[in-house]
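Asker:
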Amino acid sequence: MRKIISFARRTWLIRTGQIFLASVLALVVTPRLGRGADIDYFTGTDFVGKNRTGIFKTFYINYWKPHRRIDASKWSLEVTGLCQRPGRFSLEELLEIPDRDQESRLKCVECWSARARWSGFSFAEIERRVQPMEDAIGVTFHCADEYVEHLSLETLRHPRTMMVTHMNGVPLTDEHGFPLRVIAPMKYGYKNPKAILKIEFVSQEVWGTWSKIGPYSTDGTILPGTDHPLEYDKQPHRIAGGEITEY
C-alpha cells in the first residue's frame with residue numbers, strides 16, 4: 001500500500017520531492033507531448049490485483065490483470081485521438097486543477113456495492129485543455145492492467161461523473177486506481193476505469209474489455225433490481241436503477 005504522511009495535496013507533492021516542478025508546470029499553457037508506448041510507468045516487482053481480504057473486505061478490488069505498481073515520477077496522462085491539442089499531463093499538473101468532492105456508491109455488476117468520498121475534477125477540465133474535435137463522441141480509456149473501456153462524452157459530462165485522484169481524503173491507493181480513475185456512479189463498476197494511462201477521443205463507440213468477453217452492455221447503466229452493499233453485510237437492498245441514492 002502506498003504510504004501517505006498527510007491528507008493535504010500540497011504536502012503530498014512535497015513528499016514526492018517535486019513541489020518546485022509542480023509550480024513551474026502550472027505556468028505551462030500548452031500540454032507537453034511525450035514519447036509513445038515505450039514509456040515504463042511502473043516500479044518494483046510486486047503486483048496489484050484482485051483483493052477481497054483484510055482492509056478490502058469493505059471495498060472489493062477488481063482488476064482485469066495484475067499489474068506492477070505505477071511510479072508517480074514516471075507517469076503522465078496521455079491524451080490523444082480526435083482533439084486539437086493532444087499531449088501529456090503530469091500528476092502534479094492534474095493535482096493543480098481546482099478540485100471537487102462528492103460521496104457516491106460504486107456498484108459492481110457482481111451485485112455488491114460500497115460507498116466512498118471521492119475528490120478530483122470534472123472531465124471538462126481535460127476537454128478545455130485539449131479541445132476535442134466536433135466529430136468526437138466519446139473517449140476510450142487505456143489502463144495499466146491492459147483494461148480498455150469506452151465512455152460517451154455525454155456520460156463524461158454528467159455532473160456526477162468525476163476524474164478522481166483522492167478517495168476518503170487521501171490519494172488513491174494502487175488498489176483503488178492510483179493515480180487517476182473515473183467515477184461515474186450511475187454506471188456499473190466495469191464502466192469506471194482506473195489506473196488510467198491514456199485517454200483517446202474517438203468518433204464511434206468502442207466495445208470495452210468486459211463488453212467484448214462477457215454478457216455486459218456497452219452502456220453499463222445500473223438496472224433496477226437488488227444490491228448487496230458491503231457495509232450492510234451484503235443484506236439485499238432494492239434499487240431503482242441509475243445512481244444508488246437510497247442509502
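Here the sequence shown stands for residues 1 to 247, where the numbers follow the UniProt record's numbering.
Note that beta-carbon positions come from the ideal geometry of N, C-alpha and C, so glycine has one too.
#1: Ordered along the chain, which non-local residues of its own chain (more than five positions away) have a Cβ less than 6 Å from that of residue 122?
#2: Using beta-carbon positions only, say whether residue 68 and residue 44 come within less than 8 Å of one another.
#3: Below 6 Å CB to CB, which residues in the same chain sit around residue 189 once its five sequence neighbours on both sides are set aside?
#4: Do three or more CB pairs link the segment 83 to 103 to the segment 49 to 60 at distances below 8 Å?
#5: Would you tell me roughly how many angstroms separate the C-alpha atoms of residue 138 and residue 148, rounded to the nearest one?
#6: Under the rule that 16 or more other beta-carbon atoms within 10 Å means buried, what is residue 115, buried or exposed?
#7: Could you give the residue range of the alpha helix (DSSP H) that holds residue 211?
#8: So what does DSSP say about residue 190, is it helix, strand or coil?
#9: Can you find the residues in the same chain that come closer than 7 Å, C-beta to C-beta, to residue 177, ignoring five residues on each side of it along the sequence?
#10: Just the C-alpha distance for residue 141 and residue 49, rounded to the nearest angstrom, thanks.
#11: Is it buried or exposed, residue 126, if we count other Cβ atoms within 10 angstroms and call 16 or more buried?
Answerer: So, from the data block:
#1: none
#2: yes
#3: For residue 189, the CB contacts under 6 Å within the same chain, skipping 5 residues up- and downstream, are 106 and 108 in chain order.
#4: no
#5: C-alpha separation (whole angstroms): 13 Å.
#6: Result: buried.
#7: 209 to 213
#8: The answer is helix: DSSP assigns residue 190 an H, G or I state.
#9: Answer for residue 177: 194 and 195, listed in chain order.
#10: 19 Å
#11: buried
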